[in-house]
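Report on the structure given below.
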Amino acid sequence: MKIEKFSDYEALSNHVAEALIATLQENPSAVICMPTGNSPRRTFELFVSKVKERSIDLSNFFFIGLDEWVGVPSELRGSCAYEFRSLLFEPLGIEDHQFHLFDGTSLDLEGECEMMDAVIQEHGGIDFMVVGIGMNGHIGFNEPGVEFDRYAHIVPLDETTITVGQQYFDQPMKLEYGITLGFNHLLNAQTVYLIANGQKKAEVVKRAAEGPVDSSFPASIMQRHMNGVIAVDAEAASGLSN
Ligand code: PGA
Numbered sequence: 501m502k503i504e505k506f507s508d509y510e511a512l513s514n515h516v517a518e519a520l521i522a523t524l525q526e527n528p529s530a531v532i533c534m535p536t537g538n539s540p541r542r543t544f545e546l547f548v549s550k551v552k553e554r555s556i557d558l559s560n561f562f563f564i565g566l567d568e569w570v571g572v573p574s575e576l577r578g579s580c581a582y583e584f585r586s587l588l589f590e591p592l593g594i595e596d597h598q599f600h601l602f603d604g605t606s607l608d609l610e611g612e613c614e615m616m617d618a619v620i621q622e623h624g625g626i627d628f629m630v631v632g633i634g635m636n637g638h639i640g641f642n643e644p645g646v647e648f649d650r651y652a653h654i655v656p657l658d659e660t661t662i663t664v665g666q667q668y669f670d671q672p673m674k675l676e677y678g679i680t681l682g683f684n685h686l687l688n689a690q691t692v693y694l695i696a697n698g699q700k701k702a703e704v705v706k707r708a709a710e711g712p713v714d715s716s717f718p719a720s721i722m723q724r725h726m727n728g729v730i731a732v733d734a735e736a737a738s739g740l741s742n
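Numbered by my numbering, the letters in the sequence shown go through residues 501 to 742 in order.
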C-alpha cells in the first residue's frame with residue numbers, strides 16, 4: 501500500500517478520475533467498482549466531463565456498485581443506486597447491461613449477495629476499485645468487527661453509520677442493515693483507491709494507514725493490498741506521521 505497526498509479535494513478527485521480513464525484506455529472492458537457518498541462526488545463529475553471531452557468509448561466497460569442501504573428503494577434520492585444513476589449512468593448513457601448494483605429491497609438478500617459474487621466472477625474480477633472511509637473506519641458497509649474473509653454480505657449497521665447516513669436523504673430514514681461487497685473483493689481487486697478529504701477524516705486516515713491491521717478498524721485492511729493507495733487531500737493527510 502502507498503499513500504498519495506494532494507493539495508486539495510479538486511486535485512485528489514482529478515487524479516482519481518485520470519486513473520480511471522487510464523485504466524479504461526488500457527483495458528476498455530475493465531470492471532470498475534465505485535462507492536457513493538460525498539468523497540467520490542467530484543471524481544464522478546470530472547470523470548464524466550473528461551469522458552465526454554475526449555470521446556472515450558465506454559461501451560465495453562462494466563460497473564459494480566460497492567454497496568446499498570437495505571430496504572431503501574433505488575428510486576429514492578440517497579439510495580446508492582440513485583447516486584450511481586444520476587452521477588454516472590444518465591450523464592454518460594451507460595446501458596443497463598453494463599452495470600450491476602445490489603437491490604436493497606430484494607426479499608432474497610442472500611440471493612442478492614450470491615448474484616453479485618457471480619457477476620463479479622463472470623466478468624473476471626474487479627480491475628479498479630474506489631472506496632471511501634466512514635467515521636468509524638468502515639469501507640462500504642464493512643463495519644467494525646467485520647470478518648475480513650467475506651465476499652458480498654449483509655451487515656447490521658453501526659450507530660455511527662446510521663447517524664452519519666441520514667445526511668444523504670431528504671427525510672429521516674430507518675437504516676438498519678447494509679448490503680456490501682466484502683474484503684475478499686477488495687483484496688482481489690487489481691487496484692484499490694481509498695479516497696478521503698477534509699479535516700474530519702484526518703484521524704480515520706491515520707488509523708487506516710498507520711494503525712494495527714484489525715477488524716475493529718476495517719479500513720486498516722488497505723495495508724494488506726499490494727496495489728492499494730490511500731489518496732488524500734492535505735487536510736485528511738494532516739494526521740499522518742510523514
Ligand atoms: P463520505 O462517506 O464519502 O460521504 O464521507 C464515506 C463512507 O461512509 O464510506
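Where is the CB? At the ideal position from N, CA and C, for every residue including glycine.
Where Tyr677 is concerned, the enclosing beta strand (DSSP E) starts and stops at Tyr677 to Thr680. Thr661 and Asn636 do touch by the CB rule: their CB atoms are close to 7 Å apart, below 8 Å.
Of the residues assessed, Ser513 falls on the buried side of the cut-off, its CB having 16 or more other CB atoms within 10 angstroms. With respect to the C-alpha of Leu609, the residue from Val570, Gln690 and Val704 having the closest C-alpha is Val570. Taken atom to atom, the span from the alpha-carbon of Met501 to that of Leu694 is near 10 Å.
For a cut-off of 8 Å, the C-beta gap from Glu568 to Ile679 is around 5 Å, short enough to register as a contact. For the ligand PGA, residues qualifying as neighbours are Gly537, Asn538, Ser539, Gly632 and Gly634, where qualification means a beta carbon closer than 5 Å to at least one of its heavy atoms (chain order). Rounded to whole angstroms, the separation of the alpha carbons of Gly593 and Leu686 is 27 Å. By the C-beta density criterion, Ser579 is buried, having at least 16 other C-beta atoms within 10 angstroms. Annotation: the continuous alpha helix (DSSP H) that includes Thr663 extends over Glu659 to Gly665. As summarised for the stretch 620-663, the continuous beta strand (DSSP E) elements at least 3 residues long and confined to that stretch are 628-631 and 653-656, given in chain order.
Within a 10 Å sphere around the beta-carbon of Ser716 sit fewer than 16 other beta-carbons, which makes this residue exposed. According to the DSSP assignment, Phe563 belongs to the beta strand (DSSP E) that extends over Phe562 to Gly565.
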